[in-house]
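Peer 1:
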Amino acid sequence: MPEQRRRVSWRPLVRSLHRDCGYLAVGLTVVYALSGLAVNHVADWDSNFVRYRQTHTLQGTLPPDDANAAREVLNQLRIEGAPKQVERYAPDELRIQMENRTLTVNPESGRVVEEGQKPRPFFRAANWLHLNRGKKAWTVVADLYAIGLLFLALSGMFMLPGKNGLAGRGGILVLLGAAIPILYVLLSPAAQALK
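Taking our numbering, the leading residue of the sequence shown gets 1020, the next gets one more, and so forth.
1. Excluding the 5 residues preceding and the 5 following residue 1142 in the sequence, name in chain order all residues of the same chain whose CB lies nearer than 8 Å to its CB.
2. Quick check on residue 1125: does DSSP put it in helix, strand or coil?
3. Does DSSP put residue 1062 in a helix, a strand or coil?
4. Please confirm whether residue 1120 and residue 1085 have their CB atoms less than 8 Å apart.
5. What separation, rounded to the nearest whole angstrom, lies between the Cα atoms of residue 1157 and residue 1147?
6. Here's the rule: buried if 16 or more other CB atoms are within 10 angstroms of the residue's CB, otherwise exposed. What is residue 1192?
7. Rounded to whole angstroms, how far is the Cβ of residue 1133 from the Cβ of residue 1150, which I believe are closer than 8 Å?
8. Which of the three DSSP states, helix, strand or coil, is assigned to residue 1101?
9. Check each candidate in 1103, 1163, 1208 and name the one with the smallest Cα separation from residue 1047.
10. Our contact map puts residue 1033 next to residue 1139 with C-beta atoms below 8 Å; I'd like the distance itself, whole angstroms only.
11. I need the boundaries of the beta strand (DSSP E) containing residue 1135, first residue and last residue.
12. Hey, how far is the Cα of residue 1083 from the Cα of residue 1097?
13. Taking the alpha carbon of residue 1127 as the reference point, which residue from 1051, 1113, 1137, 1136 has its own alpha carbon closest?
14. Assign residue 1037 to buried or exposed, taking buried as 16 or more other Cβ atoms, counted over all protein chains shown, within 10 Å of its Cβ.
15. CB-CB under 8 Å to residue 1103, same chain, minus the five flanking residues each way: which ones, in chain order?
16. For residue 1110, which option in 1206, 1177, 1081 has the closest C-alpha, if you only look at C-alpha atoms?
17. Using a threshold of 8 Å, state whether the C-beta atoms of residue 1145 and residue 1050 are closer than that.
18. Measure the alpha-carbon distance for residue 1153 versus residue 1179 and round it to whole angstroms.
19. Under the three-state reduction of DSSP, which class applies to residue 1177: helix, strand or coil?
20. For residue 1072, which option in 1131, 1208, 1161, 1168 has the closest C-alpha, if you only look at C-alpha atoms?
21. From what residue to what residue does the alpha helix (DSSP H) around residue 1195 run?
Written out as structure tokens, the structure reads:
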């Protein structure tokens, strides 16, 4: 009786590698996806900073000279750092410009309007990574992630055999997915600059 050749299936190996690579990519995918949404809508909202405005009332009278008045305002409001600029616009308006805030002081009433921005910790860091501001070392991580995504895309096409795989429904979906960027470039007025 002739010995039957045992057929080795490579699909279980592809499925295992696809699964493990997928789990490994989850964290980076979430960061890149959320940051991508934020960066795409930069005209609608500032994903790096939250703008704020608040009012304070100072105690006592301020010194007559601008530099000492600014120092007293910062002391009372417990704001550290040196002002970038101190400028008097009128007798009742002293403006103190800091790194991420502006203080508009009425020396007569002691009223201070503080306007500024505070960083959004997650989005600021995610956008920094997404736009590759980290360079060198992060470029290696981003390249490995891109290779991982290519593997996930390609291995995903060969996981299922038959009508649900690349020879059937999967092939149609792959063509539809590829058609989206191609049609956008061909039909978009904004893409005319590429020609």
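All C-beta atoms, glycine included, are put in the ideal place defined by N, C-alpha and C.
Peer 2: Straight from the coordinates:
1. 1053, 1054, 1057, 1066, 1067
2. strand
3. coil
4. Against a cut-off of 8 Å, the Cβ pair of residue 1085 and residue 1120 comes out as no contact.
5. 10 Å
6. exposed
7. Residue 1133 to residue 1150, Cβ: 30 Å. No contact.
8. coil
9. 1163
10. The Cβ separation is near 40 Å, so there is no contact.
11. 1130-1138
12. 20 Å
13. 1113
14. buried
15. 1116, 1117, 1118
16. For the set 1206, 1177, 1081, the Cα lying nearest the Cα of residue 1110 is the one of 1081.
17. A contact, by the Cβ cut-off of 8 Å.
18. If I take the Cα positions, the gap works out to 39 Å.
19. coil
20. Nearest to residue 1072 by C-alpha distance, out of 1131, 1208, 1161, 1168, is 1131.
21. 1188-1206
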